[in-house]
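Structure first, commentary second.
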Ligand code: IMP
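Residue numbers (our numbering): 6 to 430.
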């Protein structure tokens with residue numbers, strides 16, 4: 006039995022979906038603990054290729070319970086579409102939605118856009134999916150939860166009261182367009198009809214599995230550096246994406262967690278605004294973006310590209326309590342004669358080896374690089390460590406040395422089988 010948290014180690018998009026789809030073969034529960042449909046987890050297996058935004062990545066395996074936990078926020082319109090695709094494609098896992106997960110209401114989506122516009126040059130670069138406004142309402146205790154879909158009439162009554170205030174804000178502060186009451190009433194009936202049967206007491210399901218000593222995967226979304234408390238605030242998402250979020254986001258105890266694995270790309274990407282010390286531009290960035298297909302799975306936005314940042318990675322390892330590293334997209338660096346790893350930062354002639362909290366400082370630091378000789382040989386689709394070129398091994402060994410953590414899994418392509426498992430998880 007093991008309970009393993011899989012968390013994004015960087016700014017999201019590390020390839021968690023592919024890894025979870027691989028590891029879920031031996032799991033009975035795969036439970037997503039934070040975020041909403043700002044995430045896009047791509048999996049590619051014998052059933053096809055899917056970009057999952059809410060449903061956990063164990064869905065392709067039979068006998069898996071795929072839980073969307075209490076720490077998530079759910080846009081029912083998106084979830085209904087996702088479930089339709091899953092059912093059409095006959096993906097065999099079952100889906101459970103936490104009663105406690107908060108709903109992204111249509112006014113949250115509108116307010117996300119309006120608030121971003123209002124921020125002007127300080128915009129966060131949100132995905133525009135209503136994530137921030139939905140979490141804000143959760144914290145200010147004016148949110149609506151999935152359980153309320155089980156009694157649509159009282160949900161409608163509550164929603165219409167909230168809508169009055171939201172419409173005032175939309176119209177009077179942001180000069181936006183009012184949301185129609187009738188439309189929202191119809192929408193709630195559609196949501197209730199389509200989703201009620203999935204709404205469950207998911208804490209009970211997961212804790213039962215823990216007691217039965219089953220294998221469980223806790224699925225992170227986004228990445229540690231986008232965490233609301235520990236990320237590069239304010240350029241973050243609105244939830245606890247770090248491993249700690251799995252406890253509150255699923256209702257389980259810390260003593261139950263066996264392992265925390267951090268997923269990192271062999272380089273770094275970031276979408277949206279905010280500091281990014283190892284960012285590269287021009288042809289080099291374009292090349293990596295093109296080869297790696299670094300465009301947002303949710304918004305299609307081109308991702309910003311940079312070298313591996315070991316200062317940020319060490320910080321991430323600390324705040325997540327990582328046991329080991331899962332390294333993805335190694336093959337993307339195949340054609341480089343020299344690979345860079347940022348080992349420290351420099352500011353005004355002083356070396357910084359810690360990850361600064363103040364975004365103004367993080368914006369100014371210069372990355373200090375260690376150069377590693379490239380391997381200039383394909384690692385694409387390799388499935389055994391022995392087959393990897395010696396220079397690529399040196400790169401991996403050096404990362405392990407710097408991060409003081411083992412790299413237990415290496416991903417060499419988007420397909421499930423393009424995975425090197427160095428140590429069984
Ligand atoms: P929000 O989560 O839509 O509010 O966006 C806040 C910030 O997090 C923006 O910079 C987004 O680009 C970023 N973000 C949110 N979700 C993801 C993700 O799944 N991958 C990468 N970046 C994300």
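For glycine and all other residues, C-beta sits at the position ideal for the given N, C-alpha and C.
For residue i, verify whether its CB is less than 7 angstroms away from any heavy atom of ligand 1.
i: residue 119; result: no
i: residue 277; result: yes
i: residue 131; result: yes
i: residue 69; result: no
i: residue 112; result: no
i: residue 136; result: yes
i: residue 240; result: yes
i: residue 359; result: no
i: residue 315; result: no
i: residue 243; result: yes
i: residue 428; result: no
i: residue 367; result: no
i: residue 15; result: no
i: residue 45; result: yes
i: residue 226; result: yes
i: residue 231; result: yes
Taking residue i as part of the alpha helix (DSSP H), name the residues at either end of that continuous run.
i: residue 70; result: Here residue 70 belongs to no alpha helix (DSSP H); instead the beta strand (DSSP E) covers 70 to 73.
i: residue 114; result: 111 to 124
i: residue 22; result: 21 to 28
i: residue 290; result: 287 to 297
i: residue 194; result: 186 to 200
i: residue 162; result: 157 to 173
i: residue 431; result: Residue 431 lies beyond the residue range present for the chain, which begins at 6 and ends at 430; the question has no answer from this structure.
i: residue 253; result: 250 to 253
i: residue 226; result: Run containing residue 226: none; DSSP gives neither H nor E here.
i: residue 207; result: 207 to 216
i: residue 140; result: 136 to 144
i: residue 367; result: 364 to 369
i: residue 178; result: It is not in any alpha helix (DSSP H) - residue 178 carries neither H nor E in the DSSP assignment.
i: residue 82; result: 81 to 93
DSSP three-state call for residue i: helix, strand or coil?
i: residue 311; result: strand
i: residue 270; result: strand
i: residue 395; result: helix
i: residue 241; result: coil
i: residue 356; result: strand
i: residue 320; result: helix
i: residue 106; result: coil
i: residue 281; result: coil
i: residue 345; result: strand
i: residue 403; result: helix
Going by the C-beta, is residue i closer than 7 angstroms to any heavy atom of ligand 3?
i: residue 18; result: Within the structure as shown, ligand 3 is missing, the only ligands being ligand 1.
Do residue j and residue i count as a contact pair if the criterion is CB distance below 8 angstroms?
i: residue 121; j: residue 129; result: yes
i: residue 253; j: residue 310; result: no
i: residue 80; j: residue 41; result: yes
i: residue 194; j: residue 150; result: no
i: residue 229; j: residue 321; result: yes
i: residue 23; j: residue 419; result: yes
i: residue 101; j: residue 178; result: no
i: residue 490; j: residue 316; result: Lying before the first or after the last residue shown, residue 490 is absent from the chain, which here runs from 6 to 430.
i: residue 35; j: residue 25; result: yes
i: residue 379; j: residue 244; result: no
In terms of residue numbering, what span does the beta strand (DSSP E) encompassing residue i cover?
i: residue 9; result: 8 to 13
i: residue 424; result: 424 to 426
i: residue 329; result: 329 to 333
i: residue 414; result: 412 to 416
i: residue 37; result: 34 to 37
i: residue 56; result: 53 to 57
Comparing the C-beta of residue i with each C-beta of chain D, is any distance below 8 angstroms?
i: residue 383; result: The structure shown contains no chain D; it holds only a single protein chain.
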